[in-house]
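This report refers to the structure that appears directly beneath it.
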Amino acid sequence: MRIHYTILTITILLFTSCNQSSNTQGGVSSTSSLASQIGIDILKQGGNAFDAIVATGFTLAVTSPSNGNLGGGGFLVAYTEDGEAISLDFREKAPALSYETMFLDENQEYSRDLALNSHKSSGVPGTVNGLLKIFNDYGSGNFTLKEIMAPAIHYAENGHYINATDAKGFDSYKALFLTDAGSTKIFVKDINDAIINIQKAFKNGDLSEEDYAKELASIDEWKPGDLLVQKDLADTLKRIAQYGKAGFYEGETAELIIEEMNANDGFITKEDLFNYDSVYRNPVVGTYRGNKVISMGPPSSGGALLIQMLNMIENFEIKSMERNSTEFVHLLTEVQRLAYADRAIHLGDPDFWPNPIPMLTSKEYAKERLALISMNSATRSTKIAAGKTLSKESIETTHYSVIDNQGNVAGITTTLNLSYGSKKIVDGAGFLLNNEMDDFSSKPGTANAFGLIGYEANAIQPFKRPLSSMSPTVIIDNEGNPIVTIGAAGGSRIITGVLQTIISIVDHGLNIQEAINVPRTHSQWLPDNVRYEKDALTQQTISELEALNHIFEHNGTAENGTYTLAQIHGVHLKNNKFITGFDKRGTYDENEGITY
Ligand code: GLY
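According to the numbering used here, the sequence shown is numbered sequentially starting from 2.
Here it is in structure tokens:
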């Protein structure tokens, strides 16, 4: 089954001229054309980039069901017209009742099912708090919250027509949705007593797996153009619009979340919800060939790894290297190996762990690390350890981005972790719960759903935020002008996807859409292999790389393109034209992405 990641991407752009229409006031790229249009409408009505991004984010919670994000968390990276670089961390937090070994079974082995498919897999959601903070702190003041949220409420209450991606997603997760009352109501087509009875019979052991699969297959399938009405979600949104964060973290919504937790052995309590707050943090900042790169710091690993890898690559003449040639992929893989080894050891929630950001993002450290690799042969990952910390100095997936005509740039990446999060809906409140707790390292050295390894820095602790790969990033040119805002969905592949897109833009002179279209490769230290998209590598290149001792994860890649290595979205200002870029990877719809 194809893995759909819950991280979704939108790009919003406000400009006086663009590549699509000379009189336009803005451009939006997202996984939902409806949500994109709402952002545009807000811009047209005098809103700024921050108003637009919040309106789009709330609409996505309705019209982009696999990743719509009331029940998850994320990050904002922005650059204001006054030249202030800001980042807001609204990542989920581990509930007070969580503990280090909570996803280990009786044999002390990591239980993937518990970590991904249970109510315990949910961290305390941060998105509502984050979006409201952005609106309050950076919005233009020209809109009330009710006005910003009205379109989202409208689509939840009256329904919206689903697209092909949604239809496939709903049907492919049917069996999991049927394990949860809330999800069954919303995502199982024409839910009725017969279907409930099939489910009960299976649960009671009266149906074999084979017969159950046959019965499931006989349930009506979703089709593009079907209407999805979400009344409970509309009510939740109305409470937020009326009471602000108290409409989610207190009162009826909070009570529904607690009932859901109590009925299903979940850990989130009333206090966890009441005490949740998002945090402004220092973004990580580096340079690449004279451009300033501003990205998300811990609890995301995205910015630090991105800058570390760019620092290493800056030492090579990339311009003259053919894209996806043996030389290019070898270098890229070695650099990724070095950076992800550091991720595993050095990075975690900055409230709990001293992240060595100055070291990881320094040009000197990049050179030291490069001394460990050779351009003539792949280094085995078992021979690469994390770099030694030089000092104790501490501190330190939906993506949507905006550039407005006042020079404000904002990018948000949010995630439920995997597609549809834990596949559990808060019954009565109508939104999905995340399974972000799997982003922690549940057992030292044991891979999570993204194959990522971690240790103490990212161990589960109450109130801690799990380490992320989300990488909302802004690039400023050497004259101080924002030229790119970019981000991605795709778990551990986000960072390497954003990296390769930036290389295509800066070194190979492509525009953002061309850069996104270039097929990619990915590696992450462990597992010690290279994944590649369909059309990324010729058979000859693969053979040459194998001769350099690289190991390939062929399964499902070259032949049928099962792997889509991150979905990138962003906006690029090039030759005085704004170009919006969107990624068709992982979608079944031609018209998703740029809608304006
Ligand atoms: N849940 C994926 C990430 O945050 O990296």
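The C-beta atom is built at its ideal place from N, Cα and C for all residues, glycine as well.
In whole angstroms, give me the CA-to-CA distance for residue i and residue j.
i: S112; j: D343; result: 25 Å
i: E110; j: S442; result: 12 Å
i: S472; j: S301; result: 7 Å
i: S37; j: T57; result: 6 Å
i: D194; j: Q200; result: 10 Å
i: L566; j: N577; result: 30 Å
i: Q568; j: G491; result: 6 Å
i: V285; j: I295; result: 6 Å
i: G287; j: G226; result: 45 Å
i: E328; j: A340; result: 19 Å
i: A450; j: D440; result: 8 Å
i: S544; j: W354; result: 42 Å
i: G206; j: S173; result: 23 Å
i: M376; j: K444; result: 34 Å
i: Q540; j: V330; result: 13 Å
Considering only the beta carbon of each residue, do residue i and residue j sit closer than 7 Å?
i: A411; j: A50; result: yes
i: V280; j: D90; result: yes
i: L274; j: Y250; result: yes
i: G349; j: L500; result: no
i: T416; j: G73; result: yes
i: D52; j: I39; result: no
i: F496; j: L306; result: Here residue 496 is Ile; the residue named in the question, Phe, does not match the sequence. For I496 and L306, yes; Cβs fall inside 7 Å.
i: D267; j: H400; result: Per the sequence shown, the amino acid found at residue 267 is Gly instead of Asp. No, these two residues do not count as a Cβ contact at 7 Å.
i: I154; j: A62; result: no
i: T32; j: N70; result: no
i: E82; j: N409; result: yes
i: F76; j: T502; result: no
i: N130; j: Y244; result: no
i: A176; j: L238; result: no
i: I269; j: P463; result: no
i: D508; j: K320; result: yes
i: L361; j: Q309; result: yes
i: Q46; j: A157; result: no
i: T486; j: G571; result: yes
Using CA atoms only, rank isn't needed, just tell me which of the options is closest to residue i.
i: A460; options: T32, K94 and G84; result: K94
i: A165; options: K121, S123, L307 and K224; result: K224
i: I241; options: L132, L434, H573 and E318; result: L132
i: P357; options: P528, G298 and N576; result: G298
i: L229; options: K186, I269, K271 and T254; result: K186
i: E480; options: A157, M262, L546 and N292; result: N292
i: P528; options: F203, N198, T380 and N435; result: T380
i: S119; options: N283, D536 and G422; result: G422
i: L179; options: A247, A151, I192 and K169; result: I192
i: R466; options: T581, Q407, S123 and D212; result: S123
i: K169; options: S67, A247, P351 and L333; result: S67
i: H1; options: G248, T522, V531 and L105; result: Outside the displayed range of the chain (2 to 597) lies residue 1, so it cannot be described from this structure.
i: T334; options: H347, L371 and T362; result: L371
i: G510; options: R324, E547 and W526; result: R324
i: I149; options: I135, N159 and G160; result: I135
i: S184; options: D536, V519, S505 and G431; result: G431
So, with DSSP's three-state summary, where would you put residue i?
i: N263; result: helix
i: P152; result: helix
i: K293; result: strand
i: P359; result: helix
i: H161; result: strand
i: D352; result: coil
i: I487; result: strand
i: R532; result: strand
i: T64; result: helix
i: F16; result: Since pLDDT at F16 reaches only 37, below the 50 mark, its modelled position is unreliable, and the value read off the structure follows with that caveat. It is coil, neither helix nor strand.
i: H120; result: helix
i: N561; result: Confidence at N561 is low in this model, with a pLDDT of 45, below 50, so its placement is unreliable and no value can be given for it.
i: G226; result: coil
i: G58; result: helix
i: A372; result: coil
i: L574; result: strand
i: H400; result: strand
i: K147; result: helix
i: K599; result: Here the chain covers residues 2 to 597 and nothing more, so residue 599 does not appear.
i: Y80; result: strand
i: F464; result: coil
Quick one: measure Cβ to Cβ for residue i and residue j, integer angstroms, because I've assumed they're closer than 8 Å.
i: K425; j: L419; result: The Cβ separation is near 12 Å, so there is no contact.
i: I196; j: I220; result: 6 Å
i: V125; j: V475; result: So it is not a contact: roughly 28 Å between Cβ atoms.
i: K364; j: N312; result: 5 Å
i: G452; j: Q514; result: 29 Å between Cβ atoms; not a contact.
Say the cut is 6 Å; is the CB of residue i nearer than that to a heavy atom of the ligand ADP?
i: N418; result: As presented, the structure is devoid of the ligand ADP, carrying the ligand GLY as its sole ligands.
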